[in-house]
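In the working numbering, the protein residues as written are 254 to 332.
To start, the structure itself, in structure tokens.
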């Protein structure tokens with residue numbers, strides 16, 4: 254975790270434009286949603302009582318969010 258202190262790629266996220274789902278637990282101290290900038294086409298989801306690993310700590314809730322998100326996503330158009 255010490256190595257992560259100097260690693261900040263948030264500015265590069267502004268270059269991303271695909272639909273994105275950010276899932277965080279409200280107890281996450283490593284990467285809380287409040288630390289992320291507003292991104293275009295991004296859905297933010299906060300799981301109560303969950304820390305940094307929502308897919309492991311609340312797998313049913315995480316899976317439901319992910320499946321809902323994927324059901325709305327459009328496939329890429331290849332040129």
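Note that CB positions come from ideal geometry on N, CA and C, so glycine has one too.
Check, Outcome
"Whole angstroms is fine: what's the gap from residue 272's alpha carbon to residue 289's?", "15 Å"
"Pop quiz: residue 300 and residue 283 are said to be a contact at Cβ under 8 Å. What is the actual Cβ separation, rounded to whole angstroms?", "Rounded, the Cβ-Cβ distance is 14 Å, inconsistent with contact."
"Is it right to say residue 302 is buried, meaning 16 or more other beta carbons lie within 10 angstroms of its own, or is it exposed?", "exposed"
"With a CB to CB cut of under 6 Å and the five nearest residues on each side skipped, what residues in its chain are close to residue 314?", "300"
"For a quick check, are the C-beta atoms of residue 304 and residue 321 less than 8 Å apart?", "no"
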